[in-house]
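Peer 1: Before I ask anything, here is the structure I am working with.
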Ligand code: CP
């Protein structure tokens with residue numbers, strides 16, 4: 413198989429096992445290339461990509477931009493705070509005006525769940541969802557799964573706990589869809605108030621006690637408390653959250669095995685994760701960031717329908 417089954421990357425729910433394997437194998441090639449002294453290939457030389465971000469981002473935005481540059485694509489960066497969106501222009505008008513300038517692909521982050529799905533029904537260009545509200549963040553889940561594959565080789569029988577603010581997390585949902593498709597066992601852990609009511613229908617284990625989750629898992633993917641999406645109080649205070657759900661080194665020392673610690677970033681140090689864990693030998697957090705560039709190169713390349721460089 414040399415092509416993805418989808419024309420857009422809207423979510424990991426849409427991807428087949430063959431899609432995952434193709435993306436991972438393509439990322440393996442690009443990871444080798446970006447570790448060479450000359451990191452650039454001409455694969456997307458005639459492609460123009462617009463990165464349109466309606467929400468803040470550090471990792472995803474820079475990672476996409478770097479991936480595009482490594483593939484020799486032309487790129488433009490759009491930030492809603494400095495745009496005509498502020499004058500009342502609609503999303504569709506904004507994107508159609510960008511596409512009229514002969515842009516081929518759109519990478520979009522938007523606060524509204526379903527915004528990239530809506531666009532995909534109205535425009536011809538390939539769309540990559542760089543995070544839509546609390547819905548999906550497919551390239552994050554791809555780079556997370558790819559990092560797990562790099563560390564543990566196989567997903568068969570692997571136990572992954574996703575710990576934290578599941579309710580507001582697009583990373584959680586995309587990871588659940590991806591990991592289950594790849595054959596891993598998935599648990600979610602957090603206070604009851606931060607677990608969505610539909611979580612039981614996704615075929616994951618649910619655990620309220622964080623230490624029990626750590627005892628169960630081989631990999632803990634720890635998520636940030638998304639205060640910016642919380643209109644009401646879901647727990648009494650950050651201090652209390654940290655006391656009951658924060659992960660520190662003494663907890664890892666009490667386990668009878670080594671586990672892998674992940675975090676998609678940005679980290680609230682001292683809240684969901686202490687520095688003695690985030691910066692420890694258990695952590696693959698910066699490997700996730702490194703792998704993000706190769707994964708995004710693979711996705712851009714495959715969606716553009718190009719062929720790998722020899
Ligand atoms: N992980 C992630 O999406 O980070 P940013 O919000 O910085 O892009």
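Residue numbers (our numbering): 413 to 722.
Glycine included, every Cβ here is placed at the ideal spot set by N, Cα and C.
According to the neighbour-count rule (16 or more other Cβ atoms, all chains shown, within 10 Å of its Cβ), is residue 480 buried or exposed?
Peer 2: Looking up residue 480 in the chain shown gives position 68. By the 10 Å Cβ count, residue 480 comes out buried.
Peer 1: So which residues put a beta carbon under 7 Å from any heavy atom of the ligand CP, going in chain order?
Peer 2: Answer in sequence order: 468, 469, 470, 471, 472, 473, 543, 549, 552, 583, 676, 677 and 678.
Peer 1: From residue 585 to residue 553, what distance separates their C-alpha atoms?
Peer 2: On the chain shown, residue 585 is found 173 positions in, with the first residue counted as 1. On the chain shown, residue 553 is found 141 positions in, with the first residue counted as 1. Looking at the two C-alpha atoms, the distance is approximately 9 Å.
Peer 1: Which of helix, strand or coil does DSSP assign to residue 456?
Peer 2: Counted from its first residue, the chain shown places residue 456 at position 44. Looking at residue 456 - three-state DSSP - the assignment turns out to be coil, as it is neither helix nor strand.
Peer 1: Taking only runs of the beta strand (DSSP E) that begin and end inside the stretch 504–537, which ones reach a length of at least 3 residues, in chain order?
Peer 2: Complete beta strand (DSSP E) runs here, min 3: 517–522.
Peer 1: DSSP state of residue 492, grouped into three classes?
Peer 2: Numbered from its first residue, the chain shown carries residue 492 at position 80. Helix.
Peer 1: According to the Cβ coordinates, are residue 578 and residue 539 closer than 9 Å?
Peer 2: The residue you call residue 578 lines up with position 166 of the chain shown. The residue you call residue 539 lines up with position 127 of the chain shown. Contact: no.
Peer 1: For the alpha helix (DSSP H) that residue 563 lies in, which residues bound it at each end?
Peer 2: By one-based count along the chain shown, residue 563 stands at place 151. Residue 563 -> alpha helix (DSSP H) spans 550–564.
Peer 1: Alpha carbons only, please: which of 498, 471, 455 and 504 is nearest the one belonging to residue 486?
Peer 2: Mapped onto the chain shown, residue 486 falls at position 74. Checked all of 498, 471, 455 and 504; the closest Cα to residue 486 is 455.
Peer 1: Specify whether the stretch 567–583 and the stretch 624–632 touch according to this definition: at least 3 beta carbon pairs, one from each stretch, less than 8 Å apart.
Peer 2: Contact between the stretch 567–583 and the stretch 624–632 is present, because at least three Cβ pairs lie under 8 Å.
Peer 1: Comparing alpha-carbon positions, which option in 637, 664 and 670 lies nearest residue 651?
Peer 2: Position 239 of the chain shown, counted from the first residue, corresponds to residue 651. Ranking the options by Cα distance to residue 651, first place goes to 637.
Peer 1: Using the DSSP secondary-structure output, state which residues sit across from residue 672 in a beta bridge.
Peer 2: As a working mapping, residue 672 is identified with position 260 in the chain shown. Answer is 631, bridged to residue 672.
Peer 1: What is the DSSP secondary structure of residue 377, counted as helix, strand or coil?
Peer 2: With the chain covering only 413 through 722, there is no way to say anything about residue 377.
Peer 1: If we ignore side chains and look at the alpha-carbon of each, how far apart do residue 594 and residue 457 end up?
Peer 2: Counting from 1 along the chain shown, the entry for residue 594 is found at position 182. Counting from 1 along the chain shown, the entry for residue 457 is found at position 45. Computed Cα separation, rounded: 33 Å.
Peer 1: Determine contact between the stretch 671–684 and the stretch 513–532, defined as no fewer than three beta-carbon pairs at a distance below 8 Å.
Peer 2: With the cut-off at 8 Å, the stretch 671–684 and the stretch 513–532 do not touch.
Peer 1: At what residues does the alpha helix (DSSP H) containing residue 480 begin and finish?
Peer 2: Looking up residue 480 in the chain shown gives position 68. 471–482 is the span of the alpha helix (DSSP H), which, as asked, contains residue 480.
Peer 1: Figure out for me which residue from 527, 512 and 507 has the closest Cα to the Cα of residue 422.
Peer 2: On the chain shown, residue 422 is found 10 positions in, with the first residue counted as 1. Per the Cα distances, 527.
Peer 1: Grouping DSSP H, G and I as helix and E and B as strand, with all else coil, what is residue 619?
Peer 2: Sequence index remark: in the chain shown, residue 619 carries index 207 (1-based). Note: residue 619 maps to strand in three-state DSSP.
Peer 1: For residue 465, write down the residues that DSSP places opposite it in a beta bridge.
Peer 2: Numbered from 1 along the chain shown, position 53 holds the residue referred to as residue 465. The partner list for residue 465 (beta bridge, DSSP) reads 491 and 521.
Peer 1: Could you have a look at residue 686 and say whether DSSP puts it in helix, strand or coil?
Peer 2: If you number the chain shown from 1, residue 686 lands on position 274. Correct three-state label for residue 686: coil.
Peer 1: Less than 6 Å between C-beta atoms, sequence neighbours within five positions excluded: which residues of the same chain meet that for residue 515?
Peer 2: For this step, residue 515 is matched to residue 103 along the chain shown. The answer, listed in chain order, is 460 and 462.
Peer 1: Rounded to the nearest angstrom, what separates residue 511 and residue 495 at their Cα positions?
Peer 2: For the purposes of this step, residue 511 is taken as residue 99 along the chain shown, with counting starting at 1. For the purposes of this step, residue 495 is taken as residue 83 along the chain shown, with counting starting at 1. Those two C-alpha atoms are separated by around 15 Å.
Peer 1: Look up residue 677 in the DSSP assignment and say whether it is helix, strand or coil.
Peer 2: Here residue 677 refers to the residue found at position 265 when the chain shown is read from its first residue. In the structure shown, residue 677 sits in coil (DSSP, three-state: anything other than H, G, I, E or B).
Peer 1: Going straight from the alpha carbon of residue 548 to that of residue 711, what length do you get?
Peer 2: Counted from its first residue, the chain shown places residue 548 at position 136. Counted from its first residue, the chain shown places residue 711 at position 299. Taking the straight line from one Cα to the other gives about 16 Å.
Peer 1: Do you know how far the Cα of residue 520 is from the Cα of residue 428?
Peer 2: Locating residue 428 in the chain shown gives position 16, where the first residue counts as 1. Locating residue 520 in the chain shown gives position 108, where the first residue counts as 1. Answer to the nearest angstrom: the Cα atoms are 22 Å apart.
Peer 1: Could you tell me the distance, in whole angstroms, from the CA atom of residue 438 to the CA atom of residue 706?
Peer 2: Numbered from 1 along the chain shown, position 26 holds the residue referred to as residue 438. Numbered from 1 along the chain shown, position 294 holds the residue referred to as residue 706. Those two C-alpha atoms are separated by around 8 Å.
Peer 1: If you drop the 5 nearest sequence neighbours on each side, which residues of the same chain put their C-beta closer than 7 Å to that of residue 718?
Peer 2: Stepping through the chain shown from its first residue, residue 718 is reached at position 306. Any reading at residue 718 must be qualified, since the residue scores a pLDDT of 46, below 50, and its modelled position is unreliable; the value itself is stated next. Correct list, in chain order: 455 and 456.
Peer 1: Using the C-alpha atoms, what's the distance from residue 555 back to residue 544?
Peer 2: Your numbering for residue 544 matches position 132 in the chain shown. Your numbering for residue 555 matches position 143 in the chain shown. Approximately 17 Å, taken between the alpha carbons.
Peer 1: Ignore the nearest five residues each way along the sequence and tell me which others in residue 615's own chain have a CB closer than 7 Å to its CB.
Peer 2: The count along the chain shown starts at 1 and reaches residue 615 at position 203. So the qualifying residues of the chain are 592.
Peer 1: By the 10 Å Cβ neighbour count, where 16 or more other Cβ atoms means buried, how is residue 448 classified, buried or exposed?
Peer 2: Position 36 of the chain shown, counted from the start, is the residue given in the question as residue 448. That one is exposed.
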